[in-house]
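The sequence shown maps to residues 991 to 1208 in the numbering used here.
Beta carbons are placed, not taken as given, at the ideal position from N, Cα and C, and that holds for glycine.
On a predicted model such as this, the values are computed, not experimentally measured, just so you know.
The structure appears below as structure tokens.
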Amino acid sequence: MSHAAMNLKRYGLATLGLMLAIATARAEVGEHYADTDDALGVARGPAAAEIRAALTARAQACTGMDFKPTRCALAVNAVNADVHYGSAEGDSRKLALVSVRWQSDPTGNVVEAKGLVFVAEPGAAFRLLGETDLIGESLRDIVFERQRITYATDYLRGGDSRGNPTGQRRYEIRRVVTPYSPVVVDRLPPTRFDHRQPQTPGRSTPAPGICSSRATFA
């Protein structure tokens, strides 16, 4: 067998293995709720009360309509939100990832993404582990693992209009099982979806290994 043929075979097997792994992980993903106009519509499912409490807490630094610094709740300035429930394969705990697109400055037009992670031990209620800034405006293909949560999001490639991104990248929210370490959102290694694709100036994405945010899970 030629060297090229061997490489092609290896690539095919690796791709098949990745597809099977993702399919297995997706089997652990449960309920998904979305709110396209606000955030409180995602306070549903087994973590509903805890999600509502976190979204309505005045815990975020923001700018008031008087242009002065203040504290506000995510639900107040939310554009839309999602919650995904799931669990890692072989892990009896349940997880919930809430992603909220919101404006810390409602007098402007910048939309930010915030993630909240909740966990429920067997027989116990959900509790908030922590929060982190997210990369990407819409999350999909959520995969729950024992030490991380990964997701896919769109990004602008060269020639894309801002309203029609054609690129896709995956990011991870890394954690350890016990105790929970600071949360880190990282870009995963480039895939065939985004390899060497230029990105439109003005919408930057951290290079591999660069962390965009940290938050402590308690």
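Checking 8 Å against the spacing of the C-beta atoms, do L1129 and Y1141 come in under that value?
yes
Name the DSSP bridge partner or partners of K1104?
V1090 and D1123
So, using beta-carbon positions, are V1073 and I1041 closer together than 8 Å?
yes
For E1021, which of N1154, R1117 and R1034 has the nearest alpha-carbon?
R1034
CB-CB under 6 Å to G1126, same chain, minus the five flanking residues each way: which ones, in chain order?
T1143
Which class does R1061 belong to by DSSP, given the choice of helix, strand or coil?
strand
Using C-beta distances below 6 Å, list every residue in its chain close to P1155, excluding the 5 sequence neighbours before and after it, in chain order.
D1144, Y1145 and L1146
Report yes or no: do the segment 1054-1062 and the segment 1108-1117 share at least 3 C-beta pairs separated by less than 8 Å?
no
Out of curiosity, what's the CA-to-CA distance linking G1120 and R1152?
31 Å
Start and end residues, alpha helix (DSSP H) containing E1111:
No alpha helix (DSSP H) holds E1111; DSSP gives it neither H nor E.
Apart from the five residues just before and just after E1102, which ones in its own chain have a Cβ nearer than 8 Å to its Cβ?
R1091, W1092, Q1093, S1094 and D1123
I need the boundaries of the beta strand (DSSP E) containing T1046, first residue and last residue.
Here T1046 belongs to no beta strand (DSSP E); instead the alpha helix (DSSP H) covers A1038 to T1046.
Cβ distance (whole Å) where A1115 is taken to contact V1088 below 8 Å
Not quite, the Cβ-Cβ distance comes to about 16 Å (not below 8 Å), so this is no contact.
What is the DSSP secondary structure of L1209, counted as helix, strand or coil?
Here the chain comprises residues numbered 991 to 1208, so residue 1209 is not present and cannot be evaluated.
Which class does N1070 belong to by DSSP, given the choice of helix, strand or coil?
strand
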